[in-house]
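For reference, the structure discussed in these notes is given below.
There are 2 protein chains.
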Amino acid sequence: MARTQGSHSDITGPRIRAAARALFARHGYAAVSMRQIAGEVGVQAGALYNYTSDKQSLLAELMREHMDDLLAARAEVKSGQLAPLDALEGFVRFHIGFHIERPDEVFIAYMELRALEPANFAEIEALRRQYEDELEGILRRGAEAGVFEIEDAKITTLAVIAMLTGVNTWYRKGGRLSLEEVEAIYWGMVRRAVGA
Amino acid sequence: MARTQGSHSDITGPRIRAAARALFARHGYAAVSMRQIAGEVGVQAGALYNYTSDKQSLLAELMREHMDDLLAARAEVKSGQLAPLDALEGFVRFHIGFHIERPDEVFIAYMELRALEPANFAEIEALRRQYEDELEGILRRGAEAGVFEIEDAKITTLAVIAMLTGVNTWYRKGGRLSLEEVEAIYWGMVRRAVGA
DNA sequence: GTTTGATTTGAACGGGTGTTCAGTTAAGTC
DNA sequence: GACTTAACTGAACACCCGTTCAAATCAAAC
């Protein structure tokens, strides 16, 4: 056989990315083979190369797509027009809500950075920096306005993001707490941590 | 040739563990081959099997050693005799100090859990739970005594640990801040986060 | 100085790796 | 219905994987 019945790039392409995403998240980039991904899709390994130039690009594209989604979703929030405290609350709730919906993407974005070749790493890292800069801006504005009490804006930014992203290590849908409750708990901790 | 001059298990054994630790931390367990580890030590791959039964055990032993060190070091602190606020400050400073000195071990312990076979995973996870339980105990004691204001002890525990461990993602020796300054900044954030 | 035991080599094992590509078949077009 | 193009197979490529083991050599003990 060669081309299979019902085959179409609009179907196979997304299925390949979905399989790669799930497998990379569960086992790690290096531990997943192209044949495993292909097997999950129900296709031979060679067929993957109609959709990606190589394994590295497959990973890099998944990461770039995730970071683009993140920045695009965040860009819809006009936090500059809000008071620092409201802007910070918005950021905390946005971060938790967005990340909780995409556990696989988040896991890959944080765990597989070292698997990226230098050029891809620089690109993804720049996008991440861009996201962090938004939180840092909010913190600086609040500190200048005297509503936040922080020792170091840069470190507070990293500490808050580390704390928030940690949600993904334990949160499971249908668990003890609803998304709203989780957001409220973390917002309480962040608000107090910045002295507001 | 066979046995090489000056070879001795007291020397080769630690060198193998050190090489594995460094390589696993930098590239990840799955991406590192036994031949790479052997090459770093200056030995053939077969020689590694005088020191470990297989690759998986090499990883598991590194992790267990790290967790044992962590728990042993922590056991020297008698936090139960301290007031909750002092106990919490001690925990925060201990965690940062201990983790900052062992970036490779910490990286492996957090990133390679998924590379562990079920039995090894359960063992390491139990040790980690043990460590987290200590912080949770401090938080519960403080909450009952009315000196902490927290919504959920379990989640606060995980949030604080995620925040503290995040130090390892950016801290570099000889950087802008001293260990003492870093500890002070994080202690400030944690103290406020728990409402004290 | 000989013997014993510890340590390493080097080759081999079976199998898996990412990637390429000629050949084949289905889908879409006129 | 003939033709083009899109999609996929299956085999092959060169190489790397973890692990084993007889043979060789060094260190230590007597």
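Residue numbers (my numbering), protein chains in the order written: chain Y, 1441 to 1636; chain Z, 1441 to 1636. Positions of the beta carbon are idealized from the N, C-alpha and C atoms, including for glycine.
#1: For a cutoff of 7 Å on Cβ pairs, would you count Asp1592/Z as touching chain Y?
#2: Alpha helix (DSSP H) containing Asn1608/Y: first to last residue?
#3: Does Leu1463/Y have its Cβ less than 7 Å from a Cβ in chain Z?
#4: Find the residues of chain Y that neighbour Leu1598/Z, judging by a C-beta separation of less than 8 Å, and give them in chain order.
#5: Ile1625/Y touches chain Z at which residues, Cβ-Cβ below 7 Å?
#6: Can you give me the start and stop residues for the alpha helix (DSSP H) that Val1425/Z sits inside?
#7: Tell me the rounded alpha-carbon separation between Gln1445/Z and Leu1502/Y.
#8: Beta-carbon separation of Gly1468/Z and Glu1591/Y under 7 Å?
#9: Taking the CB atoms as reference points, tell me whether Thr1605/Z and Leu1575/Z lie closer together than 7 Å.
#10: Mind listing the chain Z neighbours of Arg1632/Y? Cutoff is C-beta to C-beta under 8 Å, in chain order.
#11: Where does Thr1492/Y sit, in a helix, a strand or coil, going by DSSP?
#12: Suppose contacts are defined by Cβ-Cβ distances below 7 Å. Is Ile1564/Y in contact with Ala1465/Y by that definition?
#13: What does Gly1628/Z reach in chain Y if we use C-beta pairs closer than 9 Å?
#14: Got a sec? Which residues, its chain only, sit under 6 Å from Glu1589/Z by beta carbon, not counting five neighbours each side?
#15: Just the C-alpha distance for Leu1567/Y and Pro1558/Y, rounded to the nearest angstrom, thanks.
#16: DSSP three-state label for Arg1475/Z, please.
#17: Quick check on this structure: which residue in Ala1515/Y, Ala1478/Y, Asn1608/Y and Gly1479/Y has the alpha carbon closest to the alpha carbon of Asp1573/Y?
#18: Does DSSP classify Lys1613/Z as helix, strand or coil?
#19: Counting along the chain, where does the alpha helix (DSSP H) carrying Gln1528/Z start and finish?
#20: With respect to 6 Å, is the separation between the Cβ of Phe1464/Y and the closest non-hydrogen atom of the ligand SAH below this value?
#21: Any beta-carbon of chain Z closer than 7 Å to the one on Met1507/Y?
#22: Helix, strand or coil: which one does DSSP assign to Ile1636/Y?
#23: Do Val1532/Z and Val1630/Z have their C-beta atoms within less than 7 Å of each other?
#24: So which residues of chain Y does Gly1468/Z contact, with C-beta pairs closer than 9 Å?
#25: For Phe1561/Y, which of helix, strand or coil comes out of DSSP?
#26: Compare the C-beta of Met1474/Z against all C-beta atoms of chain Y and say whether one is closer than 7 Å.
#27: When you compare each of Leu1463/Z, Leu1488/Z and Ala1523/Z to Arg1429/Z by their alpha carbons, which one comes out closest?
#28: Quick check on Glu1541/Y: buried or exposed, where buried means 16 or more other Cβ atoms within 10 Å of its Cβ?
#29: To the nearest angstrom, how far is the alpha carbon of Thr1492/Z from that of Arg1455/Z?
#30: What separation, rounded to the nearest whole angstrom, lies between the Cα atoms of Ala1583/Y and Ala1599/Z?
#31: Please state whether the Cβ-Cβ distance between His1587/Z and Leu1525/Z is less than 7 Å.
#32: What separation, rounded to the nearest whole angstrom, lies between the Cα atoms of Ala1513/Z and Tyr1550/Y?
#33: Check the Cβ-Cβ distances between Met1603/Y and every residue of chain Z, and say whether any is below 7 Å.
So, to answer that:
#1: It does: the Cβ of Asp1592/Z has a partner Cβ on chain Y nearer than 7 Å.
#2: Run containing Asn1608/Y: Val1607 to Trp1610, per the alpha helix (DSSP H) assignment.
#3: Not closer than 7 Å to any Cβ of chain Z, the Cβ of Leu1463/Y fails to qualify, so no.
#4: By Cβ distance, chain Y contributes Gly1606, Thr1609 and Trp1610.
#5: By Cβ distance, chain Z contributes Glu1591, Asp1592 and Ile1595.
#6: Chain Z is shown only over 1441 to 1636; residue 1425/Z falls outside these bounds and no answer can be derived.
#7: Distance between the alpha carbons of Gln1445/Z and Leu1502/Y is about 50 Å.
#8: No, the pair does not count as a contact, with Cβ atoms beyond the cut-off.
#9: 7 Å or more divides the Cβ of Thr1605/Z from the Cβ of Leu1575/Z.
#10: Glu1589, Arg1632, Ala1633, Val1634 and Gly1635, listed in chain order.
#11: Reduced to three states, the DSSP call for Thr1492/Y is coil.
#12: It is not a contact, given that the beta carbons lie outside the stated cut-off.
#13: Chain Y residues near Gly1628/Z: Glu1589, Ile1590, Glu1591, Ala1633 and Gly1635.
#14: The residues are Gly1635.
#15: Cα to Cα, the separation comes out at about 14 Å.
#16: Here DSSP, grouped into helix, strand and coil, assigns Arg1475/Z to helix.
#17: Distance check between Asp1573/Y and each of Ala1515/Y, Ala1478/Y, Asn1608/Y and Gly1479/Y places Ala1515/Y closest, using alpha-carbon atoms only.
#18: It is coil, neither helix nor strand.
#19: Checking the displayed sequence, the identity of residue 1528/Z turns out to be Leu instead of Gln. For Leu1528/Z, the uninterrupted alpha helix (DSSP H) segment begins and ends at Pro1524 to Ile1540.
#20: This structure simply doesn't include the ligand SAH, nor any ligand for that matter.
#21: Chain Z contact via Cβ: absent.
#22: At residue 1636/Y the sequence reads Ala, which differs from the Ile that was named. In this structure, Ala1636/Y counts as coil in the three-state DSSP scheme.
#23: The answer is yes: Cβ separation under 7 Å.
#24: Residues of chain Y whose Cβ lies closer than 9 Å to the Cβ of Gly1468/Z are, in chain order, Gly1468, Tyr1469, Ala1470, Ala1471, Met1551, Glu1552, Arg1554 and Ala1555.
#25: Secondary structure of Phe1561/Y (DSSP, three-state): helix.
#26: No, Met1474/Z does not count as interfacial toward chain Y.
#27: Since the first residue shown for chain Z is 1441 and the last is 1636, residue 1429/Z is missing from the structure and cannot be characterised.
#28: Exposed is the call here.
#29: For Thr1492/Z and Arg1455/Z, the distance between alpha carbons rounds to 13 Å.
#30: One C-alpha to the other measures close to 23 Å.
#31: The residue asked about is misnamed: residue 1587/Z is Val in this sequence, not His. Val1587/Z places its beta carbon less than 7 Å from that of Leu1525/Z.
#32: Looking at the two C-alpha atoms, the distance is approximately 29 Å.
#33: True, the Cβ-Cβ gap to chain Z drops below 7 Å.
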